[in-house]
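A quick write-up on the structure given underneath.
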Amino acid sequence: MKVLIIGGGGREHAIVWKLSQSSQIDKIYCCPGNAGISELAECINVDDNNFEALANFARYEGIDLTIVGPEAQLSKGIVDVFEKNGRKILGPNSKAAQLEGSKVFSKDLMKRCGIPTAEYKVFSSYLHAEDYVRMKGAPLVIKADGLAAGKGVIVAHTVDEAIAGLRLIMKDRAFGEAGNRVIVEECLEGEEASFMAFTDGKTILPMVSSQDHKRIFDGDKGPNTGGMGAYSPAPIITPELESFIMEKVMLRTIKGLQSEGINYKGILYAGIMVKDNKPYVLEFNCRLGDPETQPVLSRLKTDLLDIALAIADEKLSGINLEWKSGASVCVVAASKGYPGAYEKGKVIKGLDEAGTMDDVIVFHAGTAFNKNKIVTAGGRVLGVTALGKDIKEAKLKAYKAIEKIHFSGMHYRKDIADRAINRFSDDFMTDRKQPRTQKREAP
Ligand code: AMP
Ligand code: GLY
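Per the working numbering, residue 13 is the first one in the sequence shown, and the count goes up by one each step.
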């Protein structure tokens with residue numbers, strides 16, 4: 013079989029790495045890929061926003077299945093174009109991808125379906141939004157409706173910050189049309205976790221839980237990033253919470269979409285805030301998390317191709333997921349300046365030394381070849397991931413590995429997974445039993 017992966021980040025390297033272990037696959041293509049991916053797949057030079065060209069490539073090369081990594085292509089309708097061309101593809105179509113592409117769509121769905129989430133109001137007029145913010149008072153969260161490359165959410169601790177956020181989105185149009193509407197939302201306090209599931213629109217198969225670290229600096233300081241590290245499992249997601257999330261969030265979402273004639277196929281990712289042991293949905297994503305995918309897929313035993321084909325063919329009820337027990341930790345190495353402007357082209361040393369350590373996988377994100385040297389080519393450069401019998405051990409191995417790697421201006425957080433290690437007792441640190449998966453059917 014031949015597969016094509018769309019994307020070129022750490023998440024896509026993890027997908028390609030996992031698929032490369034499938035005995036059923038003859039060849040993997042990736043568009044655009046990166047230096048690490050090119051060791052396992054043929055990286056192709058097709059415009060990844062030209063869906064007709066990609067579908068033509070898939071037809072010409074006889075590609076059996078395409079898997080889409082990033083949300084942008086899903087929102088813009090890559091799945092619709094591939095399906096129109098009779099090509100098998102994994103991911104929600106553009107209607108279903110509104111779950112991530114429009115925060116108003118997803119909040120309204122949550123409200124209709126009784127899915128626990130923060131109180132909110134939607135505005136298309138700046139003046140009405142400002143009045144509401146002044147009336148409510150801080151803290152508040154201001155959200156642009158559309159996709160804004162992860163920058164469209166402002167957690168405002170004062171009324172002035174909230175109004176500055178409204179101005180940025182609605183007046184300065186920092187995110188273009190994504191700012192036609194805003195959500196002003198109650199600010200929730202608690203601990204965040206990522207809950208991802210595979211679904212074919214009927215069966216929902218949860219993955220092991222994970223947690224990422226959004227801020228750039230240790231101690232959750234500094235601006236938000238795409239994610240500076242992640243670990244799995246997330247001890248905050250107890251089996252009781254998992255059951256609750258499956259019932260009250262995942263199942264209700266899939267059923268709610270069904271009742272609107274939308275068959276959601278692909279990955280359903282709920283960003284959860286756990287407050288007083290109760291989960292609230294902060295957002296839905298229609299794709300795998302980055303960097304959560306790196307620790308999660310490194311624990312998956314089941315052949316990812318079987319899962320992907322079962323989703324595309326709507327036969328997911330026949331799949332049972334198997335996971336490695338223990339834990340996995342991913343530490344991201346970023347370029348100096350990220351998440352602001354950063355330099356590229358710095359030579360990366362120590363990749364082989366780190367990559368050959370036991371239980372370590374060095375996933376590439378923003379990397380490229382310059383002649384025969386691997387150089388930095390993005391803000392997030394690598395996701396050094398290690399498996400261990402528990403989070404403590406996995407963390408130790410990941411940090412031992414990242415210490416072997418160097419590039420000019422390299423920055424990484426030193427406290428990835430400490431939150432879990434410090435807050436929970438040893439009993440919580442390990443999935444000693446085979447992790448359970450609570451398969452659910454949406455009739
Ligand atoms: P979102 O894209 O909606 O997940 O928002 C990005 C980040 O903003 C989340 O990961 C949270 O850290 C934060 N956030 C979003 N909504 C809220 C909320 N209602 N209360 C507190 N923090 C939030
Ligand atoms: N790491 C957060 C995300 O993928 O949205």
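Using N, Cα and C, we set each Cβ at its ideal position, and we do this for glycine too.
>> In whole angstroms, give me the CA-to-CA distance for residue 24 and residue 259.
In response: 29 Å
> Ends of the alpha helix (DSSP H) at residue 140?
Replying inline: Counting along the chain, residue 140 sits inside the alpha helix (DSSP H) bounded by residues 138 to 148.
> What first and last residue would you give for the beta strand (DSSP E) that runs through residue 241?
Replying inline: 241 to 244
>> Measuring CB atoms only, is the segment 360 to 379 touching the segment 39 to 57, in the sense that at least three cross pairs come out at less than 8 Å?
In response: yes
>> Applying the 10 Å Cβ sphere with the 16-neighbour rule, what's the burial state of residue 397?
In response: Residue 397 is classed as buried because its beta carbon has at least 16 other beta carbons within 10 Å across all chains shown.
> Is residue 217 near ligand 1, judged by its Cβ being under 6 Å from some heavy atom?
Replying inline: no
> Given residue 419, which residues of its chain have a CB within under 6 Å of its CB, disregarding the five upstream and five downstream residues?
Replying inline: 358, 360 and 388
> Quick one, which of 57, 190 and 414 has its alpha-carbon nearest residue 117's?
Replying inline: Measuring from the Cα of residue 117, the nearest candidate turns out to be 190.
> Straight-line CA distance for residue 322 to residue 161?
Replying inline: 30 Å
>> Residues around ligand 2, please: the condition is that the C-beta lies closer than 5 Å to some non-hydrogen atom of it.
In response: 224, 239, 301 and 302
> Does the beta carbon of residue 167 fall short of 6 Å from some heavy atom of ligand 1?
Replying inline: Under cutoff, so the answer is yes.
>> Can you look up residue 72 in the DSSP assignment and give me helix, strand or coil?
In response: helix
> Does the distance from the CB of residue 350 to the CB of residue 391 come in under 7 Å?
Replying inline: yes
> Among 452, 231 and 432, which one has its Cα closest to the Cα of residue 11?
Replying inline: Coverage of the chain is limited to positions 13 through 455, which leaves residue 11 absent and any answer about it impossible.
> What are the boundary residues of the beta strand (DSSP E) that residue 210 is part of?
Replying inline: 203 to 211
> Helix, strand or coil: how does DSSP classify residue 463 here?
Replying inline: Not covered by the structure: residue 463. The range shown for the chain is 13 to 455.
> To which residues does DSSP link residue 199 through a beta bridge?
Replying inline: Answer is none; residue 199 lacks a bridge partner.
> What whole-angstrom Cβ distance do residue 37 and residue 81 have, given they're in contact under 8 Å?
Replying inline: About 17 Å separates the two Cβ atoms, so there is no contact after all.
> Once you ignore the five residues that flank residue 10 on each side, which residues in its own chain have a CB closer than 6 Å to its CB?
Replying inline: This structure cannot settle anything about residue 10, because the visible part of the chain is limited to 13 through 455.
> Any heavy atom of ligand 3 closer than 6 Å to the CB of residue 283?
Replying inline: Ligand 3 is not part of this structure, which contains only ligand 1 and ligand 2.
> Is residue 211 buried or exposed, if buried means 16 or more other CB atoms sit within 10 Å of its CB?
Replying inline: buried
> How far does the alpha helix (DSSP H) with residue 125 in it reach, from first residue to last?
Replying inline: 115 to 125
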